[in-house]
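This is how it looks when you write it as structure tokens:
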């Protein structure tokens, strides 16, 4: 079983829509959680950390469910510029990256 | 501005050749990492370093080596390149604790023929 699993998508949504997707992790002792964003053929960049109480950053909301071992990312009022691959990242003794969920926002 | 750079950005080599990929950061970060990214896989850790003269194996270290002689550089060497090592390679660095944000270089696309 992979340490971090994500639905690869793609999620194709119109501008203004809400899109949400999850990521599951296998190690219950994992300590920290992140979402990174990766544009095509570019380097990953930190989008946001995920806190136990859940957190928002503008149109982005991240949630952590330790009991079911998943984290989620919700994007409200999608913009064309949100089109990217979103990488779920989990820290136990090292960072483990999911393969990514691709989101395409269409006009 | 501080940054992290990789060179070359693209490389084509032949099976059996030794290849070195450079990574240079000006963040003055102690922690540096090398990953490879392949279709259908997440970023997979090859080697990492928590400071000068410190190197550690990641989950896919076979066929690769690194050395850390200063804070700024962590070169990645493929001792004898194999076609299975065709991939996109990312270098990253972070400061302080292991859960701090990692900053990634632009990547090196390596093709082994």
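Residue numbers (this note's numbering), protein chains in the order written: chain B, 1 to 107; chain U, 1001 to 1113.
A virtual CB, placed ideally from N, CA and C, is assigned to each residue, including glycine.
Chain U contact residues for residue 17/B, given Cβ-Cβ distances below 7 Å: Per Cβ cutoff of 7 Å: no residues; residue 17/B is ~26 Å from chain U at best.
Around the Cβ of residue 1068/U, are there at least 16 other Cβ atoms within 10 angstroms (buried) or fewer (exposed)? buried
So, are the CB atoms of residue 25/B and residue 90/B less than 8 Å apart? yes
Near-chain B residues of the segment 1021-1054 of chain U - C-beta to any C-beta below 7 Å: Taking 7 Å as the Cβ-Cβ cut-off against chain B, the residues of the segment 1021-1054 of chain U that qualify are 1040, 1041, 1042, 1043, 1045.
Minimum C-alpha distance to residue 1083/U - residue among 1065/U, 1110/U, 1053/U: 1110/U
Going along the chain, which residues of its own chain have a beta-carbon closer than 6 Å to the beta-carbon of residue 85/B, five neighbours each way excluded? 38, 100, 102
What's the gap between the Cα of residue 1088/U and the Cα of residue 53/B? Rounded to whole angstroms, residue 1088/U to residue 53/B spans 35 Å at the Cα level.
How would you label residue 68/B, buried or exposed, when you count the other beta carbons within 10 angstroms and need 16 or more for buried? exposed
In whole angstroms, give me the CA-to-CA distance for residue 107/B and residue 80/B. 7 Å
For residue 56/B, does the count of other Cβ atoms within 10 angstroms reach 16, so buried, or fall short, so exposed? exposed
Provide the residue span of the beta strand (DSSP E) that contains residue 12/B, from first to last. 11-14
Top-ranked residue by Cα proximity to residue 1008/U, from 1094/U, 1077/U, 1100/U: For the options 1094/U, 1077/U, 1100/U, the alpha carbon positioned closest to that of residue 1008/U is the one of 1077/U.
Classification of residue 1108/U by the beta-carbon crowding that lies within 10 angstroms, buried from 16 upward: buried
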